[in-house]
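Okay, so here's the structure we're looking at.
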Amino acid sequence: MELNMSINEILKNKSIKVIEVPKWGTFLRKQWENVFANHLSHNEKKEIFMYDDDGFCGYLWHVFSFEKRVCLKEQEAETAFNNERKNSCYIFYQHTDDVFIVEEAANLNANDLLNEFDVYVVDKEFNWTYVKTHETGWCGPYFSYRDTKA
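Given below as structure tokens:
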């Protein structure tokens with residue numbers, strides 16, 4: 435796998451259907467928050483720096499790193515993601531509004547995301563999520579199901 439290859443190229447080379455959708459990021463980040471952090475109050479979300487306040491650059495995945503939601507971490511998260519049955523899913527990012535709709539995603543795995551950071555993968559029904567952070571190795575990656583809470 436070429437290091438400079440984009441996620442779009444990587445997936446297309448694996449015969450995974452990818453549709454790029456610009457400007458959906460805000461919508462999907464809010465949807466993700468509503469599903470995976472809905473058990474936290476607004477103040478609790480601020481306390482774990484989920485929002486872009488005071489230079490902490492808000493990250494949704496802080497719900498996992500601050501242990502506010504049950505999740506698998508590191509190698510266990512990658513294994514769970516790789517083993518999860520994937521049909522259609524979304525790939526989106528913390529700091530851009532670029533979104534990829536991925537169809538026929540059975541072959542999508544953690545290695546495809548090696549060069550991606552602060553990236554969220556979620557099935558279209560938001561039943562599970564896989565998150566690879568810019569701090570992978572220290573924080574993350576993470577994998578969680580909709581129905582698990584801290």
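435 is the number of the first residue of the sequence shown in our numbering; add one for each residue after it. For each residue, glycine too, the CB sits at the ideal point set by N, CA and C. Since this is a predicted model, take the numbers as computed values, not measurements.
N-terminal and C-terminal residue of the beta strand (DSSP E) that residue i is part of
i    : result
V555 : 553-557
E454 : 451-455
Per-residue DSSP class, three states only, for residue i
i    : result
E510 : helix
D546 : helix
F483 : coil
K502 : coil
H473 : coil
N516 : helix
V478 : The sequence given here places Glu at residue 478; Val does not occur at that position. Reduced to three states, the DSSP call for E478 is helix.
Those residues which DSSP pairs with residue i across a bridge
i    : result
F526 : V533, Y554
Y579 : W562
Any C-beta of chain C under 9 angstroms from that of residue i
i    : result
V553 : Judged by its chain identifiers, the structure shown contains no chain C, having just a single protein chain.
Extent of the continuous alpha helix (DSSP H) to which residue i belongs
i    : result
S499 : 496-499
E467 : 459-470
K446 : 441-447
Span separating the alpha-carbon of residue i from that of residue j
i    : j    : result
W562 : A539 : 14 angstroms
E508 : G571 : 7 angstroms
F534 : W466 : 15 angstroms
P575 : R463 : 17 angstroms
K446 : A471 : 32 angstroms
W495 : F483 : 10 angstroms
T513 : N549 : 18 angstroms
C505 : K457 : 28 angstroms
R580 : R503 : 10 angstroms
Taking 8 angstroms as the threshold, find out whether the segment 441-454 comes into contact with the segment 467-483 through three or more Cβ pairs.
-> Remark: fewer than three beta-carbon pairs, one from each stretch, lie closer than 8 angstroms, so the segment 441-454 and the segment 467-483 are not flagged as touching.
Is it a yes or a no for the segment 538-557 touching the segment 517-529, going by three-plus beta-carbon pairs under 8 angstroms?
-> By the criterion of at least three beta-carbon pairs nearer than 8 angstroms, the segment 538-557 is in contact with the segment 517-529.
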